[in-house]
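Student: For the sequence shown, our numbering assigns the number 3 to the initial residue and increments by one for each residue that follows.
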Amino acid sequence: MKKYTHLLLTFMLLFSFGFASNKDAENQSLVRNEMKFYSDHIIDTTEVINDRIRIIGGDLFVYGETNNTIMVLGGDVTIGATAIINSEIVVMGGTVQIHEGAVVTGKIKEANLNEGLVYREIFTDSAQTKKHTIFELKNKSEWLRKGWIHPNYNFFVYNRNEGARLTFFNHDYDHGDRSPFRLSISTAYRTAPNDFSGRISFEKSFFKNRFFILYASAFKEAVSDDEYRLKEAENTLAGFFARQDFYDRWDEQGWELGFALDLNRLKVKVFTSDAQQDSIPVDYSMWSLSEKNRTLRSNPHVQYQSTVGSYKGTLAFQSEKYHPLKTGYSLLLQGEAYQKTDDGDNVYWLNKNGINTSDLRKRLLIMTRLHWEFSPGLVLRNQMLLGLSNGRLHPFRKFGIGGIGSVSAYPYKTQIGDHMIQSNVEFIMTPNFTDGDLFFKLFYDTGIAFDSDAFFIQSDDLNKRSSSFISSVGFGIGTESDDGIGIGFNVAKPLDGSDYLETTVRFNFNF
3 MKKYTHLLLT FMLLFSFGFA SNKDAENQSL VRNEMKFYSD HIIDTTEVIN
53 DRIRIIGGDL FVYGETNNTI MVLGGDVTIG ATAIINSEIV VMGGTVQIHE
103 GAVVTGKIKE ANLNEGLVYR EIFTDSAQTK KHTIFELKNK SEWLRKGWIH
153 PNYNFFVYNR NEGARLTFFN HDYDHGDRSP FRLSISTAYR TAPNDFSGRI
203 SFEKSFFKNR FFILYASAFK EAVSDDEYRL KEAENTLAGF FARQDFYDRW
253 DEQGWELGFA LDLNRLKVKV FTSDAQQDSI PVDYSMWSLS EKNRTLRSNP
303 HVQYQSTVGS YKGTLAFQSE KYHPLKTGYS LLLQGEAYQK TDDGDNVYWL
353 NKNGINTSDL RKRLLIMTRL HWEFSPGLVL RNQMLLGLSN GRLHPFRKFG
403 IGGIGSVSAY PYKTQIGDHM IQSNVEFIMT PNFTDGDLFF KLFYDTGIAF
453 DSDAFFIQSD DLNKRSSSFI SSVGFGIGTE SDDGIGIGFN VAKPLDGSDY
503 LETTVRFNFN F
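1) Quick one: Cα of N211 to Cα of S219, how far?
2) Would Q385 be called buried (16 or more neighbouring beta carbons within 10 Å of its own) or exposed?
3) In the DSSP assignment, find the unbroken beta strand (DSSP E) run with T505 in it and report its ends.
4) Checking 8 Å against the spacing of the C-beta atoms, do L327 and I430 come in under that value?
5) Looking at S199: is its Cβ nearer than 8 Å to the Cβ of E223?
6) Might you give, ordered along the chain, the residues of its own chain that have their beta carbon closer than 7 Å to the beta carbon of I406, omitting 5 neighbours on each side?
7) Does P496 come out as helix, strand or coil in the three-state DSSP assignment?
8) Just to confirm before moving on: does the CB-CB distance between R251 and M288 stay below 8 Å?
9) In the structure shown, what three-state DSSP assignment does N348 receive?
10) Whose CA, out of T107, E504 and L168, lies closest to the CA of Y191?
11) With burial defined as no fewer than 16 other Cβ atoms inside 10 Å of the residue's Cβ, what is the status of F457: buried or exposed?
12) Would Y412 and P302 be called neighbours here (beta carbons separated by less than 8 Å)?
13) Since I believe G449 is in contact with S408 (beta carbons under 8 Å), could you give me their beta-carbon distance rounded to a whole number of angstroms?
14) Does the segment 258-267 come within contact of the segment 234-244, defined as at least 3 CB pairs closer than 8 Å?
15) With respect to the alpha helix (DSSP H) encompassing G96, which residues constitute its N-terminal and C-terminal limits?
16) Which residues does DSSP list as the beta-bridge partners of R212?
17) Between F401 and the ligand NAD, is there a pair consisting of the residue's CB and a ligand heavy atom that are separated by less than 7 Å?
18) Using a Cβ-Cβ cutoff of less than 6 Å, which residues in the same chain neighbour G393 once the five nearest sequence positions on both sides are dropped?
19) Tell me the DSSP bridge mates of I55?
20) Excluding the 5 residues preceding and the 5 following Y40 in the sequence, name in chain order all residues of the same chain whose CB lies nearer than 7 Å to its CB.
21) I need the straight-line Cα distance from Q417 to D501, nearest angstrom please.
22) By Cβ distance, which residues of its chain are closer than 6 Å to Y175, with the 5 residues on each side in sequence left out?
23) For A85 and A113, which I take to be in contact (beta-carbon distance under 8 Å), what is that distance rounded to the nearest angstrom?
24) Whole angstroms is fine: what's the gap from G337's alpha carbon to F511's?
25) For the beta strand (DSSP E) that F63 lies in, which residues bound it at each end?
26) Taking DSSP's pairing of strands, which residues face R267 in a bridge?
27) Straight-line CA distance for Q99 to T432?
28) Since F214 contacts Q255 with CB under 8 Å, what's their CB separation in whole angstroms?
29) Rounded to the nearest angstrom, what separates P182 and E67 at their Cα positions?
30) Give the range of the beta strand (DSSP E) segment to which N426 is assigned.
31) Give the DSSP-derived three-state secondary structure of N161 in the structure shown.
32) Based on the DSSP output, what are the partners of M386 in its beta bridges?
33) Determine the DSSP secondary structure at R365, reduced to helix, strand or coil.
34) If I measure Cβ to Cβ from S290 and keep anything under 7 Å in the same chain, skipping five residues before and after, which residues do I get?
35) Please say whether T436 and H373 have beta carbons closer to each other than 8 Å?
36) Would you list the one or two residues that DSSP bridges to T274?
This is the structure we're talking about:
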């Protein structure tokens, strides 16, 4: 009789869960798809699941983020330390194991007959934990997981070259992320040059976790070496509100072919491309809400090239649960070797001992970031940038020091050269420390850019150029947001003996 009672209660629980799930589906108007699996399933640390999932006869291992209902019938569930559960997980006939460090803002319902009849609900009251989780990264490694092959284009971009760039079509075709093939298409209209830009990419992923990818792309788009200074969205706000643009850019049109490795926190991408290069005129009629008479910077000279061949590679690494306000570190290497591939113009050739040779021009950017939360709410952050080349980079490819994202309180790219060293250090006091709604920060910037024929920077060169380093100090205050720092104000002063003070409105971290 006890056995039949257990079965009856189990059936009632299944029915109630199913009814609740059906009701949720009706509320969502069936916007989300449902995926079914009949074996073990793993949600990797870099994955964000927005679809409903049903697993029958298999176990579930969660190390990433879930945002929709998951039902597991006849299997166990393991919630890893890196997991973020924002949804409901229903487990029938199995057990649930939650590792320390997992963030559960949704519910985990467990009905298990192995221990008689056990029903548990595990959840976290978001109202009670918001103060402690406001600086937790919601989408781990988002800057790597998204846009690694096909860039993520913002719908609206505004700058002095393209005017308003409106990406009116931006879509992936991959059978709801269930196919190993993916077709990505992005198309935008640019008001200043009155033309269209965009990219189409086709990729094929291999193996169980799809960690190896082959891809091909065709594109016409603006390109810049200044993305590390500030995010494109913040640069758009600077243009819209204050008639400023902190990117130098040029147009490229061509194709690229390459492969990528997605090894969780380590990403590698290698590709070759052929592209036509050309300058983009400055739109001196650029409108802004204020500073309407501010003089726009001119473009660095970009000579038209019908075909430029290049080989590029990127390596990126982030520590587990990387976030700017938590202890962690990251590394980014971007290398490139490029050269004109057709005859008729030797602008990409080198002259050695009076003989023209077709040696490749080499350019390498190394960026490291180290964060140390040495006490709750107190964070020490450091960024180091190293720019290297084999000499004689063209003006629009040279490294620059000075301005936002570099050395504050100095004009944009005060120094340019084939080599660069930059260091940024800041001390942040978050609201978790101040017990308020504001954060405070102190920062120090220093750097130098110079020309040299040697690829690596020699210590003797630095000693000779020590007086050419530019430096600044400053402080900032601002508000918090769900992902960290919201709007803030910086005040910086150059360490050159002048009385100049620079005030900057920021919508993100300094770096």
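Cβ atoms here follow ideal geometry from the backbone N, Cα and C, with glycine treated the same way.
Tutor: Taking the geometry as given:
1) Start at 1 with the first residue of the sequence shown, and residue 211 comes out as number 209. Start at 1 with the first residue of the sequence shown, and residue 219 comes out as number 217. Approximately 23 Å between the Cα atoms of the pair.
2) Locating residue 385 in the sequence shown gives position 383, where the first residue counts as 1. Burial call: buried.
3) Here residue 505 is taken as the residue at index 503 of the sequence shown, counted from 1. Judged by DSSP secondary structure, T505 falls within the beta strand (DSSP E) whose first and last residues are E504 to R508.
4) Reading the sequence shown from its first residue, position 325 is the one you call residue 327. Reading the sequence shown from its first residue, position 428 is the one you call residue 430. For L327 and I430, yes; Cβs fall inside 8 Å.
5) Translated into the one-based positions of the sequence shown, residue 199 becomes position 197. Translated into the one-based positions of the sequence shown, residue 223 becomes position 221. Going by C-beta atoms, S199 is nearer than 8 Å to E223.
6) By one-based count along the sequence shown, residue 406 stands at place 404. Only residues of its own chain outside the window of five on either side were considered, and among them R231, L232, F248 and T506 have a CB closer than 7 Å to the CB of I406, listed in chain order.
7) Against the sequence shown, residue 496 aligns to sequence position 494. DSSP places P496 in the strand class (E or B) of the three-state scheme.
8) Here residue 251 is taken as the residue at index 249 of the sequence shown, counted from 1. Here residue 288 is taken as the residue at index 286 of the sequence shown, counted from 1. Their beta carbons are not under 8 Å apart, which means R251 does not touch M288 by this criterion.
9) Your numbering for residue 348 matches position 346 in the sequence shown. Low confidence applies to N348: its pLDDT is 47, below 50, so where it sits in the model is not reliable, and the reading given next is rough at best. Here N348 sits in coil by DSSP.
10) In the sequence shown, residue 191 corresponds to position 189, counting from 1. Answer by Cα proximity: L168.
11) By 1-based counting over the sequence shown, the position of residue 457 is 455. So F457 ends up on the exposed side.
12) In the sequence shown, the residue the question calls residue 412 occupies position 410. In the sequence shown, the residue the question calls residue 302 occupies position 300. In this structure, P302 does not lie closer than 8 Å to Y412 by Cβ.
13) Position 406 of the sequence shown holds residue 408. Position 447 of the sequence shown holds residue 449. Rounded, the Cβ-Cβ distance is 6 Å, consistent with contact.
14) Per the Cβ contact rule, the segment 258-267 is not in contact with the segment 234-244 (fewer than 3 Cβ pairs under 8 Å).
15) In the sequence shown, residue 96 corresponds to position 94, counting from 1. Per DSSP, G96 belongs to no alpha helix (DSSP H) and is neither H nor E.
16) As a working mapping, residue 212 is identified with position 210 in the sequence shown. Here R212 is not bridged, per DSSP, to any residue.
17) The ligand NAD is absent from the structure shown, which contains no ligands of any kind.
18) Here the question's residue 393 lines up with position 391 in the sequence shown. The answer, listed in chain order, is D420 and D455.
19) Locating residue 55 in the sequence shown gives position 53, counting from the first residue. M37 and I72.
20) Locating residue 40 in the sequence shown gives position 38, where the first residue counts as 1. Take Y40, set aside five residues on each side of it, and the residues of its chain with a beta-carbon closer than 7 Å to its own are I58, G59 and G60, in chain order.
21) Looking up residue 417 in the sequence shown gives position 415. Looking up residue 501 in the sequence shown gives position 499. Q417 and D501: Cα-Cα distance of roughly 21 Å.
22) For this step, residue 175 is matched to residue 173 along the sequence shown. The answer, listed in chain order, is L185.
23) Residue mapping note: residue 85 aligns to position 83 of the sequence shown, counting from 1. Residue mapping note: residue 113 aligns to position 111 of the sequence shown, counting from 1. About 21 Å; that fails the 8 Å criterion.
24) Mapped onto the sequence shown, residue 337 falls at position 335. Mapped onto the sequence shown, residue 511 falls at position 509. In a straight line, the C-alpha of G337 is about 25 Å away from that of F511.
25) Position 61 of the sequence shown, counting from 1, holds the residue named residue 63. Judged by DSSP secondary structure, F63 falls within the beta strand (DSSP E) whose first and last residues are L62 to V64.
26) Position 265 of the sequence shown, counted from the start, is the residue given in the question as residue 267. Under DSSP, R267 forms no beta bridge with any residue.
27) By 1-based counting over the sequence shown, the position of residue 99 is 97. By 1-based counting over the sequence shown, the position of residue 432 is 430. Spanning the two alpha carbons is a distance of roughly 33 Å.
28) To locate residue 214, count along the sequence shown from 1; it is residue 212. To locate residue 255, count along the sequence shown from 1; it is residue 253. About 29 Å separates the CB atoms of F214 and Q255; that is not less than 8 Å, and the two are not in contact.
29) Walking along the sequence shown from the start, residue 182 turns up at place 180. Walking along the sequence shown from the start, residue 67 turns up at place 65. Rounded to the nearest whole angstrom, the CA to CA distance from P182 to E67 is 21 Å.
30) Here residue 426 refers to the residue found at position 424 of the sequence shown. Where N426 is concerned, the enclosing beta strand (DSSP E) starts and stops at H421 to M431.
31) Position 159 of the sequence shown, counted from the first residue, corresponds to residue 161. Strand, per DSSP.
32) Translated into positions along the sequence shown, residue 386 becomes position 384. In DSSP, M386 forms a bridge with T370 and S425.
33) Within the sequence shown, the letter at position 363 stands for residue 365. Of the three classes helix, strand and coil, the one that applies to R365 here is strand, per DSSP.
34) Here residue 290 is taken as the residue at index 288 of the sequence shown, counted from 1. Cβ neighbours of S290 beyond the five flanking positions: G241, F242, F243, A244 and R245.
35) Along the sequence shown, one-based indexing puts residue 373 at 371. Along the sequence shown, one-based indexing puts residue 436 at 434. H373 is not a Cβ neighbour of T436, given a cutoff of 8 Å.
36) As a first step, residue 274 is located in the sequence shown; it is residue number 272 there, counting from the start. Under DSSP, the beta-bridge partners assigned to T274 are L259 and Y313.
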